[in-house]
Amino acid sequence: MDRVHYRIELSDISAHQLSIQLTFMPSSTSHELSLPAWIPGSYMIRNFARHIMQISARDADGALDLTQLDKQRWQLSCRNQTVTVSYLIYANDMSVRAAYLDDEVAILNPACLCLAVSDQTSLPQQLELTRPGFRVTENWRVATALPRCSGTAMLDFGLYQAANYCQLIDSPLLLGHFTLQQFAVDGVPHYLVVSGQNHYDSARLLADTEQLCLAQRAVFGGLPDDLSHYWFLLWITENGYGGLEHQDSTLLLCSRHDLPAPQLKAPDEAYQTLLGLISHEYFHTWWVKRLKPAPFHAYQLAQEQYTPQLWLYEGFTSYFDDLALVKSGRISQSAYLTALEQLVTRVTRNPSDSRQSLADSSFNAWTKYYLQDENAPNSIVSYYAKGALVALAVEAELQAAGTNLSAFCRDFYQQYLATGTADQSFCQALAAQGFTALANQVTDWVNRAQPLPLAESFAKLGLTLSWRSPQHFDDTHGNNEQAAPASLGCSLKPQNGGLTVQQLYLDSAAHQAGLMAGDQLLALAGYKVTEKSLPQLLKRLPYGSVQPLTIFRKDRLLTLSLTLQAAKAQVAMLSVADQNKVTSWLTSALSS
Ligand code: ZN
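Taking this note's numbering, I'd label the letters of the sequence shown as residues 2 to 593.
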């Protein structure tokens, strides 16, 4: 047998259980079996093997010794005949990175299902999907970019085969009832799969997705040479959100309310977010799935694999995702500028903007960005959001020099596709094209914890950046011109009829008063505090006055002294100073 075979059965839906049989011909007297600790694209240790139950091994002569070595590895003793390893997987992870099974859908990421066999990961890996016999799974179909074996019809249960283990774990599967639509880009079929039965404008979703693909394709001047098909797998739930990029597909999780309603005119916020997600994951087809940090050419899946380059891969993808929405005419210039205002506000109002560098945030994604706690606004800068602003700042300089970021990225892609990028590659490439000063600036922006010179960048793109005070707790945009309320400098969450401090911003009024995350606000200046009353109180109490703030800290009743401070002007506003420059940017940026 010159391949590794996995038979996957949806054995118990209500127990979320999959039954797996791994069969292979040993090439020595002992093999190691292991599951990855993480899945590429999502930089967090997930320890997939914790969901394995009841593992055992045998061959035709009986049971085989299987000794567990650590949390995810087993040593298997073999004889010179075919081995079968049987185990159960608990599949109840409502995310795009693992496995999930219920009576509506099965989401299978082979990274958390298929034990790798040492010395055999470069062999073909065959997946046999057996059709379940349950009434609810009648008429279920299979959507995946994994190649089918001859004899298995498209969308059917049966045999699928990856060229190697690496391709296997890069090919998620969606099983269930779904709608399937398709379009072609340069003759390459693109499939759009939407799980479940939903009421939405499917023609619009298809047309919008196609236009986004065309816009992203224009950045690179063509599809990747090895792309022969592409699958958008949309898993629709009540209120999930997320996406993960793969070589020939993406698995997306969204709410059914994100799908476009019939008769929707301009995209509402939910649908715009979904289009942004689709655009983001598709851009990754070039940018991190093919061009990638050099060390990712050999993934180390047993433990963390560090890189300081995520600002380049996730940040630039985040810049190009929304840009494709406006370039392709899916959203208006004004809607795009609103999205940029929110982005700038999110990055710059957090104390972390001048406390953590982008390289540091990238490197420590495993234990910081992916494991955020209440201190995150003070300590963690987003390599997505701030990385997108670095892309915008580079764009501004290149536009001013008569070229654009798309043209640069296209050359950069070609230059580093085969080798992958080293930590300094992007800045070296800038310098090599004569942008030495910009290369030095980018090095500085990425490696030092400091705010970016955004006003200058926007000016070069024809926009004026100004700031106003927030109008309510979560205000990141809007045009309310009322007097600014005083600000506490913390984020609050309604809880048990009151307000609880979620995150405390360092050096704020709340910090100076001695508030802590977790405190429950009861009264300010002798009046009950509610979600409704607090903004009114903050509007009426004089700035500079010291007011008693009564709180519960766990079960203790305390009164703190709060000095009221005017809210800082931290909400970004963009206005057009030179429409010609803006037009030139938004029409050139995606065509190089
Ligand atoms: Zn991404």
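Every residue, glycine too, gets a C-beta built ideally from N, C-alpha and C.
When you compare the CB positions of residue i and residue j, do they come within less than 9 Å of one another, or not?
i, j, result
"glycine 575", "leucine 338", "For clarity, residue 575 is leucine in the given sequence; the question names glycine instead. A contact, by the Cβ cut-off of 9 Å."
"isoleucine 9", "valine 137", "no"
"aspartate 3", "proline 125", "yes"
"phenylalanine 620", "glycine 388", "For the chain, the structure presents residues 2 to 593; residue 620 sits outside this window and is missing."
"phenylalanine 409", "alanine 430", "yes"
"alanine 573", "glutamate 342", "yes"
"valine 391", "serine 358", "no"
"leucine 276", "threonine 210", "yes"
"tyrosine 500", "glutamate 457", "Reading off the sequence, residue 500 comes out as leucine, not tyrosine. Cβ atoms of leucine 500 and glutamate 457: not closer than 9 Å."
"tyrosine 528", "leucine 538", "yes"
"alanine 510", "leucine 489", "yes"
"serine 333", "alanine 377", "no"
"leucine 65", "serine 78", "yes"
"leucine 313", "tyrosine 414", "no"
Considering residue i, what are the terminal residues of the alpha helix (DSSP H) in which it resides?
i, result
"isoleucine 279", "270-284"
"serine 203", "203-221"
"glutamate 398", "386-401"
"tyrosine 166", "166-169"
"leucine 439", "437-448"
"cysteine 150", "Counting along the chain, cysteine 150 falls outside any alpha helix (DSSP H), and DSSP gives it neither H nor E."
"histidine 230", "Run containing histidine 230: none; DSSP gives neither H nor E here."
"arginine 347", "334-349"
"aspartate 323", "317-328"
Would you mind giving the Cβ-Cβ distance between residue i and residue j, rounded to the nearest angstrom? I have them listed as a contact below 8 Å.
i, j, result
"isoleucine 237", "serine 196", "5 Å"
"arginine 287", "proline 225", "Arginine is not the amino acid found at residue 287; the sequence shown has tryptophan there. With 8 Å as the limit, tryptophan 287 and proline 225 qualify as a contact, their Cβ atoms being about 6 Å apart."
"histidine 32", "isoleucine 90", "That belief does not hold up - the Cβ atoms of histidine 32 and isoleucine 90 are roughly 20 Å apart, past 8 Å."
"leucine 213", "valine 97", "About 19 Å; that fails the 8 Å criterion."
"leucine 234", "tyrosine 242", "Incorrect: roughly 15 Å between the Cβ atoms, too far for contact."
"isoleucine 552", "aspartate 508", "Not a contact, Cβ separation roughly 20 Å."
"glutamine 306", "tryptophan 468", "Not a contact, Cβ separation roughly 39 Å."
"tyrosine 161", "leucine 147", "4 Å"
"serine 353", "asparagine 379", "6 Å"
"arginine 411", "glycine 222", "6 Å"
"lysine 582", "serine 470", "With 8 Å as the limit, lysine 582 and serine 470 do not qualify as a contact, their Cβ atoms being about 28 Å apart."
"glutamate 246", "glutamate 270", "Not a contact, Cβ separation roughly 23 Å."
"arginine 47", "isoleucine 40", "7 Å"
Under DSSP, the beta strand (DSSP E) around residue i begins and ends at which residues?
i, result
"alanine 185", "179-186"
"glycine 244", "243-246"
"lysine 494", "491-496"
"cysteine 255", "250-256"
"arginine 74", "74-78"
"threonine 68", "67-69"
"aspartate 60", "53-60"
"aspartate 13", "5-13"
"leucine 292", "No beta strand (DSSP E) contains leucine 292, which DSSP labels as neither H nor E."
"histidine 32", "31-35"
Looking only at its chain, what residues have a beta carbon closer than 7 Å to the beta carbon of residue i, apart from the 5 residues adjacent to it on each side?
i, result
"alanine 216", "Ala325, Lys328, Ser329 and Leu591"
"glutamine 310", "Pro294, Ser363, Thr422 and Asp424"
"serine 200", "First, the amino acid is wrong: residue 200 is histidine here, not serine. Excluding sequence neighbours, histidine 200 sits near nothing in its chain."
"aspartate 579", "Gly463"
"leucine 102", "Leu11, Ile14, His17, Leu19 and Ala92"
"aspartate 94", "Ala100 and Tyr101"
Can you name, in chain order, every residue of its own chain whose Cβ lies under 6 Å from the Cβ of residue i, other than the five neighbours on each side?
i, result
"isoleucine 170", "Pro111 and Ala112"
"phenylalanine 321", "Phe284"
"arginine 205", "Pro261"
"valine 547", "Ser562 and Thr564"
"lysine 494", "Thr501 and Gln503"
"serine 644", "What is shown of the chain runs 2 to 593, which leaves residue 644 out entirely."
"arginine 350", "Gln571"
"valine 443", "Cys428"
"leucine 439", "Glu398 and Leu431"
"glycine 479", "Reliability fails at glycine 479, whose pLDDT of 42 lies under 50, so the model's placement of it is uncertain and no value is given."
"alanine 360", "Pro309, Val447 and Asn448"
"serine 593", "In this predicted model, serine 593 has a pLDDT of only 43, less than 50, meaning its place in the structure is not dependable enough to derive any value."
Beta-carbon within less than 8 Å of residue i's beta-carbon, same chain only, minus the 5 sequence neighbours each way: which residues are those?
i, result
"alanine 484", "Annotation note: pLDDT 48 at alanine 484 (below 50); position unreliable, coordinate value reported separately. So the list reads Lys540, once near-sequence residues are dropped."
"leucine 156", "Arg142, Val143, Ala144 and Leu181"
"glutamate 239", "Ser256 and Arg257"
"phenylalanine 436", "Glu398, Leu399 and Ala402"
"proline 1", "The structure shown does not extend to residue 1, since the chain is modelled only from 2 through 593, so no value can be given for it."
Any C-beta of chain D sitting closer than 9 Å to the C-beta of residue i?
i, result
"histidine 247", "Among the protein chains of the structure shown there is no chain D, as only one such chain exists."
Is it a yes or a no for the stretch 302-315 touching the stretch 26-44, going by three-plus beta-carbon pairs under 8 Å? yes
Do the stretch 73-87 and the stretch 149-166 touch if we need at least three Cβ pairs shorter than 8 Å? no
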